[in-house]
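Novice: Got a structure for you, questions after.
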Amino acid sequence: IAGHLHNTGQFLVFRADKDSKVRVNITGGPLAYHYQFEEIYIHYGLDNGHGSEHRVNNYAFPAE
């Protein structure tokens, strides 16, 4: 998939080119609808205990 990766200084964001002929569709699992990928935000930290904005069972992940 063609797109652009941009560092905002707080996170990375990848945006798919709107005019790309390749589309990524997301379906299945608990999803009731069909979704088309446009962008993804990647949060990361300096070590394995930091990076994610959320916690699961009080555990922070290195990226989100």
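Under this note's numbering, the residues of the sequence shown are numbered 155 to 218, in order. The C-beta atom is built at its ideal place from N, Cα and C for all residues, glycine as well. Since we're looking at a predicted model, the values are computed, not measured.
1. Thinking just about the alpha-carbon of each residue, which of A217, G183, Y213, A156 is nearest to the one in K172?
2. Excluding the 5 residues preceding and the 5 following N202 in the sequence, name in chain order all residues of the same chain whose CB lies nearer than 6 Å to its CB.
3. If you draw a straight line from the alpha carbon of Y189 to that of L200, how long is it in whole angstroms?
4. Please return the same chain residues whose Cβ sits closer than 7 Å to the Cβ of L159, not counting the five positions on each side in sequence.
5. From the DSSP output, which residues share a beta bridge with N161?
Specialist: On the basis of the supplied data:
1. Here residue 172 refers to the residue found at position 18 of the sequence shown. For K172, the nearest C-alpha among the options comes from A156.
2. By one-based count along the sequence shown, residue 202 stands at place 48. Cβ neighbours of N202 beyond the five flanking positions: P216.
3. Counting from 1 along the sequence shown, the entry for residue 189 is found at position 35. Counting from 1 along the sequence shown, the entry for residue 200 is found at position 46. So the two alpha carbons sit approximately 32 Å from each other.
4. Within the sequence shown, numbered from 1, the residue matching residue 159 stands at position 5. Contacts found: L166, F168.
5. Position 7 of the sequence shown, counting from 1, holds the residue named residue 161. Partner(s): L166.
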